[in-house]
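First comes the structure, then the notes that go with it.
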Amino acid sequence: MTTGQDTMFEQVDDVLDKLRPFLLRDGGDCELVDVEDGIVKLRLLGACGTCPSSTITLKAGIERALLEEVPGFVEVEQVF
């Protein structure tokens, strides 16, 4: 039996898989670390980890996509 958190983790992972080609194209990637109470914790990898635009990528790109596709999603937090 899956819990709501497990389902949300899978939904977030599916959305990230759709976005991943765009990150990879720019030499970066992201790793889904955790989902807790609607807060998604991501680690930016490669070029994304040091990019000055990483906050924009997180908030305007990834967060917006998750808001549209994952019920119960609240926000994205970057972890290091």
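Counting in this note's numbering, the sequence shown runs from 19 upward without gaps. Glycine residues also receive a C-beta, built at the ideal position from the N, C-alpha and C atoms.
Just confirm the distance between the C-beta atoms of glycine 64 and aspartate 47, as a whole number of angstroms; I'd bet it's less than 8 Å. Residue numbering aside, residue 64 sits at position 46 when the sequence shown is read from its first letter. Residue numbering aside, residue 47 sits at position 29 when the sequence shown is read from its first letter. About 5 Å separates the two Cβ atoms, so the contact holds.
Got a sec, what are the start and stop residues for the alpha helix (DSSP H) leucine 37 sits in? Position 19 of the sequence shown, counted from the first residue, corresponds to residue 37. First-last of the alpha helix (DSSP H) with leucine 37: 22-43.
Leaving out the 5 sequence neighbours to the left and right, which residues in its chain are closer than 7 Å to leucine 34 when beta-carbon positions are compared? As a first step, residue 34 must be located in the sequence shown, where it is residue number 16. Taken in chain order, the residues that qualify are Cys48, Leu50.
Rounded C-alpha distance that separates threonine 68 from aspartate 44: Stepping through the sequence shown from its first residue, residue 68 is reached at position 50. Stepping through the sequence shown from its first residue, residue 44 is reached at position 26. If I take the Cα positions, the gap works out to 12 Å.
6 Å CB neighbourhood of valine 58 in its chain, flanking five on each side removed: For this step, residue 58 is matched to residue 40 along the sequence shown. Counting only Cβ-Cβ distances below 6 Å, and skipping sequence neighbours, we find Val30, Val94.
List the DSSP bridge partners of glutamate 49. Numbered from its first residue, the sequence shown carries residue 49 at position 31. Arg61.
Just the Cα atoms here: how many angstroms apart are aspartate 24 and serine 71? Looking up residue 24 in the sequence shown gives position 6. Looking up residue 71 in the sequence shown gives position 53. Spanning the two alpha carbons is a distance of roughly 30 Å.
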